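Asks:
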Amino acid sequence: MLLIGSYKTGLLYSMASVAIQGSYWLLLPDQVANSIEGILMAIIAGIIGALGFVFYIFALRIGKVSVVSVLTAGYPAVSVILAILLLSDRLTMLQGVAIIMIIFAMLLLSGTEGMQTKNEDGTPKSRLWLFWAIMSLLFWGLWAIPSKLAIEMIGEADYILIDGLTMVLVWAPLWLYFEKGRMDRDIHKLKYSGFAGIMASLGTVCLFLALSNGIVSIVTPLTSIYPIVTVLLARFTLKERLFWLQYLAVAIAVTGTVLLAL
Numbered sequence: 025m026l027l028i029g030s031y032k033t034g035l036l037y038s039m040a041s042v043a044i045q046g047s048y049w050l051l052l053p054d055q056v057a058n059s060i061e062g063i064l065m066a067i068i069a070g071i072i073g074a075l076g077f078v079f080y081i082f083a084l085r086i087g088k089v090s091v092v093s094v095l096t097a098g099y100p101a102v103s104v105i106l107a108i109l110l111l112s113d114r115l116t117m118l119q120g121v122a123i124i125m126i127i128f129a130m131l132l133l134s135g136t137e138g139m140q141t142k143n144e145d146g147t148p149k150s151r152l153w154l155f156w157a158i159m160s161l162l163f164w165g166l167w168a169i170p171s172k173l174a175i176e177m178i179g180e181a182d183y184i185l186i187d188g189l190t191m192v193l194v195w196a197p198l199w200l201y202f203e204k205g206r207m208d209r210d211i212h213k214l215k216y217s218g219f220a221g222i223m224a225s226l227g228t229v230c231l232f233l234a235l236s237n238g239i240v241s242i243v244t245p246l247t248s249i250y251p252i253v254t255v256l257l258a259r260f261t262l263k264e265r266l267f268w269l270q271y272l273a274v275a276i277a278v279t280g281t282v283l284l285a286l
């Protein structure tokens, strides 16, 4: 996905988001009267989520996808804590145990990856990926709260459209500033970013529909089991290798995520 560079990837992703999410808005418009407060809340939520994705792309540029995806998938723990504090959701003992498991898995995963000082090709290994992954984790965890509030105010279709537009609002300036408006013309490279954007946008629509009809502290954990698929694909397509401790951390993180949804 990063064959054409981080900013071009993000721009193509955001364009795919507008196309998919805009289509949903046209086909299934809301019957909810919009308010200025709701629109502003949606814009804030969209920008927070888009910045989380920016940090995720930065982390992927340096770290392993199988490690970064699992680490950032722990964002429901942040969402649950904020939902309890701000939305009056209640934390059960099982959810408390799940949050502890996720935090432990994150520490174990980042610690084992951080102990490696060199890449597989022998070059020095940067640990900056961990900073970006944690930033993505925090922003995505925060994003779920204003998203839920915005959906309640303006409806899921209008929010889905605004979310796609804010992706462009965030990525276009980055692309213009760092890439000077240049775009790779290699279709073979562009298709990966386009495909990733389409799949992610379809997943985003499904996530927002779930948020509009469910509880934040249940929906976000349940939809965060995706690292299982990511780890398997990274192992067989990208040939990424994990230590046994990292596999243990993945298992603990996924188990904790499932427990959060119970």
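Going by the numbering used here, the sequence shown opens with residue 25, and the numbers climb by one from there. Beta carbons: idealized from backbone N, C-alpha and C, even for Gly. On a predicted model such as this, the values are computed, not experimentally measured, just so you know.
Start and end of the alpha helix (DSSP H) containing S85?
Replies: Residue 85 is actually Arg in this sequence, not Ser. Run containing R85: I60 to I86, per the alpha helix (DSSP H) assignment.
Asks: Would you call the CB atoms of S103 and I178 closer than 8 Å?
Replies: Cβ distance not < 8 Å, so S103 and I178 don't count as in contact.
Asks: Is the separation between the beta-carbon of I81 and that of L152 shorter than 8 Å?
Replies: Their beta carbons are not under 8 Å apart, which means I81 does not touch L152 by this criterion.
Asks: Our contact map puts T96 next to A157 with C-beta atoms below 8 Å; I'd like the distance itself, whole angstroms only.
Replies: Between A157 and T96 the Cβ distance is about 5 Å, and since that is below 8 Å, they are a contact.
Asks: Just how far apart, CA to CA, sit K32 and L111?
Replies: If you take the alpha carbons of K32 and L111, they lie about 37 Å apart.
Asks: Whole angstroms is fine: what's the gap from T141's alpha carbon to E180's?
Replies: Model confidence at T141 stands at a pLDDT of 47, short of 50, so the residue's coordinates are unreliable and nothing is read from them.
Asks: Which residue wins for smallest C-alpha separation from F163, given the options A258, L75, Y201 and V89?
Replies: The residue with the shortest Cα to Cα distance from F163 is L75.
Asks: In its own chain, which residues sit with a C-beta less than 6 Å from the C-beta of Y183, not counting the 5 before and 5 after it?
Replies: The residues are A66, A174 and I175.
Asks: Taking the beta carbon of F232 as the centre, do at least 16 other beta carbons fall within 10 Å, making it buried, or is it exposed?
Replies: Per the 10 Å Cβ criterion, buried.
Asks: Are the CB atoms of R114 and I108 within a distance shorter than 8 Å?
Replies: Taking 8 Å as the Cβ cut-off, I108 and R114 qualify as a contacting pair.
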